[in-house]
Structures are given as C-alpha cells and as structure tokens.
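Engineer: Here you go, one structure.
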Amino acid sequence: MEAVATIRRAGKIKCSRISYSELVNSFSSHGCPICRLTRHSEERAITTLMYERVSDPSTRDQLLRSNGFCPFHAWMVVELYRRGPDTSIEPLGLTIILSDILNHEINNIKRDNLVSSKANRCIICRIAEEAEKSYLDSFTSCINDKLLEEYSAGKSILCLKHYTLIYSNLQDIGKELAKKLKEIQLNKLNKLYTTAIQYIKKTDYKSPMEPSSDEATAWFRILEFLDGYKTSTIIKSC
Ligand SMILES: [Zn+2]
Ligand SMILES: [Zn+2]
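The letter at position 47 of the sequence shown is residue 756 when you use our numbering, and the numbering goes up by one with no holes.
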C-alpha cells in the first residue's frame, strides 16, 4: 500500500496533554484511531462552515475558487444532513452557501470561463490532510510505554496505512517502541482473525452456539484495518 501522508520529524514535535488525551480517548472505540480522528475533523470543519454560513470573506472566496466542495465532501455534507439536527446542517445554511457558488458558476458559464478542471483544492480536503498529519505526528511524538499500554488495552486497531507510517517513522526514533507497537498490533490482529474464524464456525448448521454480535461484525473491523475509515485522505489515496 502506498503511504501518501508523511510524518514530520517526530523528535521536534512536543506531545501536548491535549493530544495525549485525545489519542487515549480514541483508543476506546473500534476502528483506526487516526482515521476516526481525521474523520471527526472533517465533519467538524463542515459543521463549523455551515454554522457560520461562510460569514468569513476568505472562506467564501476559497469555496468559490474550488467550485464548492469536492465530490467526496459534497456527499459528506448530505450524509451529515441526513444524520439529523445535531450536526447544524440545515436547509437555510446549505442554500445560502450553495446558491452563492451556483451564482458564481452561472457567471463563469456566461463568460465561457469554464475553470472546473483548474479549480483550487476543496477547503475540507486541505483541512483533512492537515488533521491526518497532525494526528500522525501526535502518535509518534506522544508514544511511550504508557501510551502503548493504553493502545493495547483499547478496542482500536490502527489501519494498515497508518500502522505502516507510524511503524516506519519509529524505526528512526525508537526501535524498542517500534518493536512493542508491532507486538501489540499483531496481538490485536490475531484476536480479530480468531473472532472472524469463530463466526464462520458458529454459522455452521451443526454448531450448537450462536455467533455473538462481536463475531458477526468482525468483517467490518477487518475491512477497516485493510482499507481505513471513510476519510478523504484514505479514499483519495486509492
Ligand atoms: Zn487509519
Ligand atoms: Zn474535499
């Protein structure tokens, strides 16, 4: 798998208490902590944008120059809207933002100024990329025995892309920590594999036991380990 994101020189970045606790909290949920935190940043960026209705002229300008959102983030807006009122995505905010972009495009078409192919990058894509780098930096700058214990005890499993990036970076800054991370990662993956095999065995009609919900959803966690969670930084690195 191609490692698209990079990690800054970990030795130069200090681990803040906020970064440390954000990482530790993310270990308690299923899935890749870096992917999930990046996804939250994308969602937060969209809801903030919608809440403020692009009152900031520079944000409005960036949105116009990128012809709005990229397709990935346009559909994330729809997903958030469908999720309900808690996300602050409501028809008035959407209409104000999108009609502004539509008006900009109408004027472009009138002037034969068809710049779609040259449009700037989507504003949320840039935020997502920065967030991913920042969480990778946090992981490598905060890593110590205590953090690894927390990772080991939690439900989360670093996806293949993010494990590869962190492990490679640790080769330069702490071989012992890299070795421990590898052991923990393999332990988590072996457990996941056993859970998946248990599910297959228990679905046999001769099996006296019903599969648990944990076993029945192992496939989802395998998929997330292999391919990461639905963030633009993962989807667009295909
Ligand atoms: Zn990941
Ligand atoms: Zn985007």
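Backbone N, C-alpha and C define an ideal beta-carbon position, used for all residues, glycine too.
Please read all numbers here as calculations on a predicted model, not as lab measurements.
1) Around the Cβ of SER735, are there at least 16 other Cβ atoms within 10 angstroms (buried) or fewer (exposed)?
2) So, with DSSP's three-state summary, where would you put VAL763?
3) Do you know offhand how far LEU867's Cα is from SER808's?
4) In three-state DSSP terms, what is GLY863?
5) Count Cβ pairs between the region 930 to 940 and the region 730 to 746 that sit closer than 8 Å; are there 3 or more?
6) Measure the Cβ-Cβ separation of ALA887 and TYR876 and say whether it is below 7 Å.
7) Going along the chain, which residues of its own chain have a beta-carbon closer than 8 Å to the beta-carbon of LYS915, five neighbours each way excluded?
8) Excluding five sequence neighbours on each side, which residues of the same chain lie with their C-beta closer than 6 Å to the C-beta of CYS834?
9) Ordered along the chain, which non-local residues of its own chain (more than five positions away) have a Cβ less than 8 Å from that of LEU901?
10) Grab me the residues of LEU773's own chain with a C-beta within less than 8 Å of its C-beta, minus the 5 sequence neighbours each way, in chain order.
11) Is the Cβ-Cβ distance between CYS851 and CYS724 less than 7 Å?
12) For ligand 1, is there a heavy atom less than 6 Å away from the beta-carbon of HIS693?
13) So, at 7 Å on beta carbons, what are the nonlocal neighbours of TYR860 in its own chain, with the 5 sequence-adjacent residues on each side left out?
14) Pull every residue with its beta-carbon under 6 Å away from any heavy atom of ligand 2, and keep them in chain order.
15) Just to confirm my understanding: we take LEU879, look at its own chain, exclude 5 residues before and 5 after, and list those with CB closer than 6 Å. What are they?
Structural biologist: Result, derived from the coordinates:
1) Residue numbering aside, residue 735 sits at position 26 when the sequence shown is read from its first letter. That one is buried.
2) Counted from its first residue, the sequence shown places residue 763 at position 54. In the structure shown, VAL763 sits in coil (DSSP, three-state: anything other than H, G, I, E or B).
3) Position 158 of the sequence shown holds residue 867. Position 99 of the sequence shown holds residue 808. LEU867 and SER808: Cα-Cα distance of roughly 40 Å.
4) On the sequence shown, residue 863 is found 154 positions in, with the first residue counted as 1. In this structure, GLY863 counts as coil in the three-state DSSP scheme.
5) yes
6) Counting from 1 along the sequence shown, the entry for residue 887 is found at position 178. Counting from 1 along the sequence shown, the entry for residue 876 is found at position 167. Their beta carbons are under 7 Å apart, which means ALA887 touches TYR876 by this criterion.
7) Here the question's residue 915 lines up with position 206 in the sequence shown. Cβ within range, chain order: n/a, list empty.
8) Within the sequence shown, the letter at position 125 stands for residue 834. Cβ neighbours of CYS834 beyond the five flanking positions: CYS779, SER941.
9) The residue given as residue 901 occupies position 192 in the sequence shown. Answer for LEU901: ILE866, ALA927, ARG930, ILE931, PHE934, listed in chain order.
10) For the purposes of this step, residue 773 is identified with residue 64 of the sequence shown, where counting begins at 1. Cβ within range, chain order: ASP809, ILE810, HIS813.
11) Start at 1 with the first residue of the sequence shown, and residue 851 comes out as number 142. Start at 1 with the first residue of the sequence shown, and residue 724 comes out as number 15. Contact: yes.
12) The requested residue 693 does not occur in the structure, where the chain is confined to residues 710 to 947.
13) Locating residue 860 in the sequence shown gives position 151, where the first residue counts as 1. For TYR860, where only same-chain residues beyond five positions count, the Cβ hits under 7 Å are PHE736, ILE893.
14) PHE778, CYS779, PHE781, HIS782, CYS831, ILE833, CYS834, SER941
15) Position 170 of the sequence shown, counted from the first residue, corresponds to residue 879. The residues are LEU886, ALA887.
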